[in-house]
Every structure is written in C-alpha cells, then in structure tokens.
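Using the numbering used here, count along the sequence shown one by one with no gaps and you end on 616.
Beta carbons are placed, not taken as given, at the ideal position from N, Cα and C, and that holds for glycine.
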Amino acid sequence: MRTPRPRAKRRVTALPLLVAAALAAAALPAATPAAGAAGAAAPPAAGPGTDHAVDDPFASDRTSWFRQDRFGMFIHFGAYSNLEGEYTRPDGTVCRDAEWIKRQCDIPTDAYEKQAATFDPADFDAEAVVGAAKDAGMRYIVITSKHHDGYAMWPTKVNSWNLRDHSAFDKRRDIMAELKTAAKKAGIKLGFYYSIWDWHDPDFADPATFPRYEKRMYAQLEELVRKYDPALLWFDGEWETDRPNNPWTAQDGERLETYLRGLDPDLVVNNRVGKRRVTDGDYGTPEQEIPGAPVDGQLWESCMTLNGHWGYARYDENWKSGASLVRNLLSTAARSGNYLLNVGPDARGRIPAPSVQRLGEMGDWLRTAGQGEAVYGAGFGGLVEQPGWGTVSRKGDKLYAAVTAWPAAGGSLPLKARTGIDVTAARVLGSDQEVAVAKTADGFDLTPAGAATNDAATVIELTVDPGPTAAPGSGTGLRQEVFDNPALSGSPKVTRTDPAVNHSWKYTGSPAADIPADGFGIRWTGTVEPRRTETYTLTTVSDDNVRVWLDGELVIDNWTPHNVTVDKAEVALKAGTRHAIKVEYAEQTGDAHMKLLWSSPGQPQQIIPRHQLYPN
Ligand code: FHN
Numbered sequence: 001m002r003t004p005r006p007r008a009k010r011r012v013t014a015l016p017l018l019v020a021a022a023l024a025a026a027a028l029p030a031a032t033p034a035a036g037a038a039g040a041a042a043p044p045a046a047g048p049g050t051d052h053a054v055d056d057p058f059a060s061d062r063t064s065w066f067r068q069d070r071f072g073m074f075i076h077f078g079a080y081s082n083l084e085g086e087y088t089r090p091d092g093t094v095c096r097d098a099e100w101i102k103r104q105c106d107i108p109t110d111a112y113e114k115q116a117a118t119f120d121p122a123d124f125d126a127e128a129v130v131g132a133a134k135d136a137g138m139r140y141i142v143i144t145s146k147h148h149d150g151y152a153m154w155p156t157k158v159n160s161w162n163l164r165d166h167s168a169f170d171k172r173r174d175i176m177a178e179l180k181t182a183a184k185k186a187g188i189k190l191g192f193y194y195s196i197w198d199w200h201d202p203d204f205a206d207p208a209t210f211p212r213y214e215k216r217m218y219a220q221l222e223e224l225v226r227k228y229d230p231a232l233l234w235f236d237g238e239w240e241t242d243r244p245n246n247p248w249t250a251q252d253g254e255r256l257e258t259y260l261r262g263l264d265p266d267l268v269v270n271n272r273v274g275k276r277r278v279t280d281g282d283y284g285t286p287e288q289e290i291p292g293a294p295v296d297g298q299l300w301e302s303c304m305t306l307n308g309h310w311g312y313a314r315y316d317e318n319w320k321s322g323a324s325l326v327r328n329l330l331s332t333a334a335r336s337g338n339y340l341l342n343v344g345p346d347a348r349g350r351i352p353a354p355s356v357q358r359l360g361e362m363g364d365w366l367r368t369a370g371q372g373e374a375v376y377g378a379g380f381g382g383l384v385e386q387p388g389w390g391t392v393s394r395k396g397d398k399l400y401a402a403v404t405a406w407p408a409a410g411g412s413l414p415l416k417a418r419t420g421i422d423v424t425a426a427r428v429l430g431s432d433q434e435v436a437v438a439k440t441a442d443g444f445d446l447t448p449a450g451a452a453t454n455d456a457a458t459v460i461e462l463t464v465d466p467g468p469t470a471a472p473g474s475g476t477g478l479r480q481e482v483f484d485n486p487a488l489s490g491s492p493k494v495t496r497t498d499p500a501v502n503h504s505w506k507y508t509g510s511p512a513a514d515i516p517a518d519g520f521g522i523r524w525t526g527t528v529e530p531r532r533t534e535t536y537t538l539t540t541v542s543d544d545n546v547r548v549w550l551d552g553e554l555v556i557d558n559w560t561p562h563n564v565t566v567d568k569a570e571v572a573l574k575a576g577t578r579h580a581i582k583v584e585y586a587e588q589t590g591d592a593h594m595k596l597l598w599s600s601p602g603q604p605q606q607i608i609p610r611h612q613l614y615p616n
C-alpha cells in the first residue's frame, strides 16, 4: 500500500554529483535551453469527479487502427547514430554501444556535443524509409524524436540541442516533416518515441529544478503533436535510475497523459507515459520478448531489434532471419499483440541493407497467397488451444493455423478445441493440396496431403462454425452506489446506472465531484448476460480493494489494499441467462483504478460492455 509521494520529496540519489553535472551542463555555451523558452505549463492535476478512463482500448474506434495494423517499424535515429556504435577515447581505447553510447562510454558532454555538431544525415530519404516499411508490410512507423541523450530530431524552439541548430545537416530540412509527408502518402501512420529521461537538460536530474524540465518537455510534445499530428506517442525512460537521477513519478505520468489527451483525444499512448503499469496509457510494451498469451487487462506491443542493437552499430551483423521474424509476427498476432520491429539508420541516415533485406522477406511472406490475413486484424485464436506445431490466430469465422513444424507425409496436426466449434472447410494458402479434417475426442486432426509451402510458416486457413452466439443484449449497465468511505458503510452518496466498470480515477480523480480522491467505496449490482454459453474469465484491474460475486458466489476476493493488480476468475455463463453479479471496490489512498473485463474462447478480451449488463 503506498502513500502518494509529494512532489517536493522526490527520491534522489547521488545528488552532489548530479548538481555538479547540472551546473556544468547549464554553463555549456550551446544546446542549453533557449532563453525564455516557450513552454506549456504542466496542467494542474484534475480534481475529484475526474475519471481518466476515456474508452475501452480493446474495442474503441480510437484504437481500432492499432488493433488492425499489428505490424510497425521502430526507428532509432539520433545524435548517437553519428558515432555508429563506436567511440574512441582520448587514450585511444575504443568503447562500443549504440544509443546509450554517451552514458555507457562516459563521453564528456562537451565531447558529445562536439561530435553531434558534425552529424549530417544527408542521405536520409523518407520515401526510401517509408518504402522499406511498406515493402515489409508494416502499417505504422514510430521514430525516436528524442532519446535519452536529449537531442531533438526536429527543429524544436525549446532549446538549441537539436538536428536543426546543432549539426552539420542542411538547415532547410526537417526529417520529421519529410517522414510525415511520405508516410501519409503511403497510408502509413506515424508515431514518435520520446524519452522522459534526459541526460542533457540541466534541470532534469535535480528534483528542485525538474519542473522547469517538465515545462520544456510539455512544450516539445506540444510542438510534435501540433506540427506533425502523430497517431501515437511512444514514451520511454520512465524508470527509476541514476546517472542522471530520474525523478519521474506515476503522478507525473497522470498529468502528462491528461495533458496529451487534451492536446489530441485520438492519440494512442503506450504505458511508459507513467510507470509501465497495466493502467498507464493504452498498451503494454514488452521488449525483446513475446508474451506467451494475451496480456490481461491491456493491449500490448512487443518491440524488438533486427540485430543486437536499437541504434546503428556498424560491427553488429547478428541479424535475425526472415523466417524467425515472420514467426515472431505470427506469435504476436495469435496473442492479440502488435510487433514493432526496429531499424537503426547509420550516420548518413541510411537503413542498413541487411535490415532492408529481412524486412523485404517479411513483406514477401505477408503478400504471398493472402498469408497476411493471419496477421492484419487477426487476434487471439481462443477457440482452440495454441498448438506445439505453430500458432493459430482468428479473424471472424476464420482460424489461421500457421504451421512451423510441418508433419511428415501422411502425418496429422492435432488441434484441441476450447469450446464447441466445427470446422467446415480447410485449405492451405498458396497450395491446392487437400487438407483432411477429422474430429477427435478433444478437437480435430488436420492432415495435409502435400508439402509445406515455405520455410517460415505454411498457413492452413480453417473456416469454422464458432457455435451459437446470441445477439447483443439490451442492457444499460449496472447499478452503482458510491460511498464516501472505503468500508461502504452508511447510505450511498451517489446512486446511478454505470454503463461499464471501466474507471481510472488515478491520484486526483474520484467518482463524483463531492467524493474526495481518497477514502471512497463503490458497489455495483445487477446481472450480466453472456452471448455465448462458455467458461468465461472475469478479470479485474484494481487499486485498492476488490471483490466480485457471481450468482452469489465470491469468485474474486482481493479485499486487502494493493497497488494496481490483476485478478481473475473462471465462471460458467449461459447465453440468454442473466447471471447476478456484485462488485465491491474500495479506494484507500493514492492511485485508484477499477476495471471489469471478460473473455472466453469465443469472446476476445474486453471491458464488459453495457449492452450485456442490467442494473438491479
Ligand atoms: O533505454 C531504451 C533503449 O535505448 C531503447 O530505446 C529501448 C527500446 O524500447 N527502450 C529503452 C530500454 O528499455
């Protein structure tokens, strides 16, 4: 259980060293904050009555492109790229790193600024970059606008530490504008990576001056949103660390997310805007790994390098194979995730040829025989168990069995069903071979008559009857009673119909203007009507206490104060039946969230929608 950390008492480590560094940085002739830099002030924390949950990212129009596109290009490009992964120290020794090279190789700030002044990505060709993304089958691009070194890759007015004012680059050019134009023409969405952690801004590390940095950060983000209209903001550098100290808190993240959604309500924002929790932003960001199943409570996107580095490193030839990259993409789609695959342009702004080669191989696979259908707009193949011989994604009445271990001649592929389904047709994409489908005790055996069509994954498209699904209900939500105490005692201060249990009051909000941000409780009662007769998983995302009854049985009991926590229960629900449901929640102090989601073999994860909920 945490108590909110007041802004003034930020955790600080190694302050003396940092103060010296900050003062030294402030004394630098160039690249310090422009005098009187325009800056959007951090908005005041929204008060009681504020609910930051804007919609259900699993189902909203705002996030539909993200859930449809599935596959994006990450671009790590900045002043570090000018060193191409190697720094020769004054004593002649060579230190290697990529985008962390300044910190990891202890490059003095003046030396780093000196090398940045020679940065000239003259060969950066936005059309070529977008073309490579298009050729890969990528549908969105996220480029580093500012990495940890604080160097802005657009002509910011906030300071002079940027590609326009501190480089050898053509001062008439703006690569972000060029990229925006090329991406728009190609129908590809553009997003920006922005690091909160800033090694260069003299006001960053010291809690006493951090608000001045924050003001400049807000001003830069306002520039990016207003000038380039990004579809997505990818925050990073939110974690607690030193060299320099990072004072960022979850409360800072609350304010920043509120500010951004005020700038552009359509923005999609990742969970590193806060503290990388399931309640921060719109989606989770596993890195260099692919979760083994859909992530509970949040959309997700796995970001990964093509070799071993994010930024360009001239010596790193450890490229992943095209086949393994295709399989990674299929694994993410089969778990309702996105795949953000990285390229690191070199000092001249060129994407390495081996990267372009592998991206092309992925695009060729996606474009062949409609195999991309297994990815774009596809999601968790929950109707069946994920097999050992590959992955299964679902789109409507189609299952895409992407086989990576093709059976020997005459061999079969066992597929376990998780619910009552029937397979009505089966075909191998890119081949006219027959696929025999035999029912088994727990599912089906698929027996292809021919060979695999490629070395990455051969897709068997199954047309399935997913079993009866009732029409959407006519519900309006659950009865909600709001109490001004966490014991839910006395009479409720507010009684109303709540269309969905989907709330993020965070640190400063609450369910009503006359309910304080801390020390309140809520009871929801009514009935829930499923559209399928299946075993459903009820999932709560809560901070603090939560308990859920279904048909009078306590199925989730986490009635102890806790930080943001996911709890789950499996319950048998019957289509056409309105099952009694009661949810109790208490906010003690600090952060406050309460979400109720469901999923089943035939129902993808979502906030339980209003039309399936009926108030008592
Ligand atoms: O420190 C960064 C790293 O340089 C890179 O940008 C990755 C990509 O997501 N993010 C951070 C490490 O988690």
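**Study point:** Contact test: aspartate 97 Cβ vs the ligand FHN heavy atom, cutoff 7 angstroms
**Key:** No, since every heavy atom of the ligand FHN falls outside the 7 angstroms radius drawn around the Cβ of aspartate 97.
Check your understanding: Quick one: what's histidine 579 bridged to in DSSP?
Key -> According to DSSP, residue pairing for histidine 579 in a beta bridge involves Val528.
Review point. Residue range of the beta strand (DSSP E) that aspartate 97 falls in?
Key: Unbroken run through aspartate 97: none, as it is neither H nor E.
Practice item. Give the DSSP-derived three-state secondary structure of tryptophan 248 in the structure shown. Key: Here tryptophan 248 sits in coil by DSSP.
**Study point:** Contacting residues, own chain, Cβ-Cβ under 6 angstroms from valine 158 (five flanking each side not counted)
**Key:** So the qualifying residues of the chain are Ala37, Arg216, Ala219 and Gln220.
Check your understanding: Going straight from the alpha carbon of aspartate 432 to that of tyrosine 536, what length do you get?
Key -> Put simply, the backbone Cα of aspartate 432 is about 38 angstroms away from that of tyrosine 536.
Check your understanding: Taking 7 angstroms as the cut-off, does the CB of aspartate 282 come closer than this to any heavy atom belonging to the ligand FHN?
Key -> The closest heavy atom of the ligand FHN lies 7 angstroms or more from the beta carbon of aspartate 282.
Check your understanding: Which value, in whole angstroms, describes the spacing of the CA atoms of arginine 89 and asparagine 162?
Key -> In a straight line, the C-alpha of arginine 89 is about 24 angstroms away from that of asparagine 162.
Point to revise | C-beta contact flag for alanine 457 and valine 403 at 8 angstroms | key: The answer is yes: Cβ separation under 8 angstroms.
Check your understanding: To the nearest angstrom, how far is it from the Cα of aspartate 266 to the Cα of phenylalanine 58?
Key -> In a straight line, the C-alpha of aspartate 266 is about 15 angstroms away from that of phenylalanine 58.
Exercise for review: Mind checking who arginine 394 pairs with in its DSSP beta bridge?
Suggested key: Answer is Gly379 and Leu399, bridged to arginine 394.
Review point. Going by DSSP, what residues sit across from glutamine 433 in a beta bridge?
Key: DSSP output for glutamine 433 lists no bridge partner at all.
Review point. Does the ligand FHN have a heavy atom nearer than 7 angstroms to the CB of tryptophan 310?
Key: Under cutoff, so the answer is yes.
Exercise for review: Closer than 7 angstroms by C-beta to glycine 363: which residues in its own chain qualify, once you throw out the five before and the five after it? Chain order, please.
Suggested key: Hits under 7 angstroms: Asp135, Ala136 and Gly137.
**Study point:** Segment contact, 8 angstroms Cβ cut-off, at least three pairs: the stretch 534-549 with the stretch 557-575
**Key:** The answer is yes - the stretch 557-575 touches the stretch 534-549, with three or more Cβ pairs under 8 angstroms.
Point to revise | Where aspartate 61 sits in the DSSP three-state scheme | key: DSSP places aspartate 61 in the helix class (H, G or I) of the three-state scheme.
Exercise for review: Out of Leu554, Ala425 and Ala117, point me to the one whose CA is closest to valine 437's CA.
Suggested key: When only C-alpha atoms are compared, the closest one is Ala425.
Check your understanding: Helix, strand or coil for tyrosine 218 per DSSP?
Key -> In the structure shown, tyrosine 218 sits in a helix (DSSP, three-state: H, G or I).
Point to revise | Sub-8 angstroms separation of serine 145 and phenylalanine 192 beta-carbons | key: Cβ distance < 8 angstroms, so serine 145 and phenylalanine 192 count as in contact.
Check your understanding: With respect to the beta strand (DSSP E) encompassing aspartate 557, which residues constitute its N-terminal and C-terminal limits?
Key -> Counting along the chain, the unbroken beta strand (DSSP E) around aspartate 557 starts and ends at 553-558.
Review point. Excluding sequence positions up to five away, which residues of its chain have a Cβ less than 7 angstroms from the Cβ of proline 155?
Key: Leaving aside the five residues that flank proline 155 on each side, the residues in its chain whose CB is nearer than 7 angstroms to its CB run, in chain order, Asn162, Arg164 and Asp174.
Point to revise | Beta-carbon gap between threonine 495 and glycine 297 smaller than 8 angstroms | key: Taking 8 angstroms as the Cβ cut-off, threonine 495 and glycine 297 do not qualify as a contacting pair.
Review point. With burial defined as no fewer than 16 other Cβ atoms inside 10 Å of the residue's Cβ, what is the status of valine 94: buried or exposed?
Key: Counting Cβ neighbours within 10 Å, valine 94 comes out exposed, since fewer than 16 surround it.
Exercise for review: Let me know the alpha helix (DSSP H) ranges lying completely inside the stretch 352-376, each 4 residues or longer, listed in chain order.
Suggested key: Scanning the stretch 352-376 for uninterrupted alpha helix (DSSP H) segments of 4 residues or longer gives 353-367, listed from N- to C-terminal end.
Review point. If you pair each beta-carbon of the stretch 279-297 with each one of the stretch 80-87, do three or more pairs fall below 8 angstroms?
Key: When Cβ pairs closer than 8 angstroms are counted between the two stretches, the stretch 279-297 is seen not to touch the stretch 80-87, the count staying below three.
Check your understanding: histidine 148: beta carbon under 7 angstroms from a heavy atom of the ligand FHN?
Key -> True, at least one ligand heavy atom lies under 7 angstroms from that Cβ.
Practice item. Given a cut-off of 8 angstroms, decide if arginine 523 and glutamate 481 are closer than it, judged by their beta-carbon atoms. Key: In this structure, the beta-carbon distance from glutamate 481 to arginine 523 falls below 8 angstroms.
Exercise for review: Give every residue of the same chain whose Cβ lies closer than 8 angstroms to the Cβ of glutamine 606, excluding the five residues on either side of it in the sequence, and list them in chain order.
Suggested key: Hits under 8 angstroms: Asp56, Phe58, Ala59, Leu597, Trp598 and Ser599.
Check your understanding: By Cβ distance, which residues of its chain are closer than 7 angstroms to glycine 475, with the 5 residues on each side in sequence left out?
Key -> Only residues of its own chain outside the window of five on either side were considered, and among them Glu529, Arg610, His611, Gln612, Leu613 and Tyr614 have a CB closer than 7 angstroms to the CB of glycine 475, listed in chain order.
Exercise for review: Check threonine 332 in the structure and name its three-state DSSP category.
Suggested key: Note: threonine 332 maps to helix in three-state DSSP.
Exercise for review: Compute the Euclidean distance between the alpha carbons of glycine 473 and tyrosine 259, then round it to the nearest angstrom.
Suggested key: Straight-line Cα distance between these residues: approximately 36 angstroms.
Practice item. Look at the alpha carbon of glutamate 584 and the alpha carbon of lysine 275, and state the distance between them as a whole number of angstroms. Key: Spanning the two alpha carbons is a distance of roughly 26 angstroms.
Exercise for review: Would you identify the three-state DSSP class for aspartate 110, choosing helix, strand or coil?
Suggested key: Taken through DSSP and simplified to helix, strand or coil, aspartate 110 comes out as helix.
Exercise for review: Report yes if the C-beta of glutamate 287 is less than 7 angstroms from at least one heavy atom of the ligand ADP; otherwise report no.
Suggested key: Looking for the ligand ADP in the displayed structure turns up nothing; the ligands present are the ligand FHN.
Exercise for review: Using beta-carbon positions only, say whether glycine 630 and glycine 388 come within less than 8 angstroms of one another.
Suggested key: The question about residue 630 has no answer, for the chain in this structure spans 1 to 616.
Practice item. Enumerate in chain order the residues of its own chain whose CB-to-CB distance from tryptophan 549 is below 6 angstroms, with the five nearest sequence positions on each side excluded. Key: Cβ contact annotation for tryptophan 549 (same chain, cutoff 6 angstroms, sequence separation greater than five): Lys582, in chain order.
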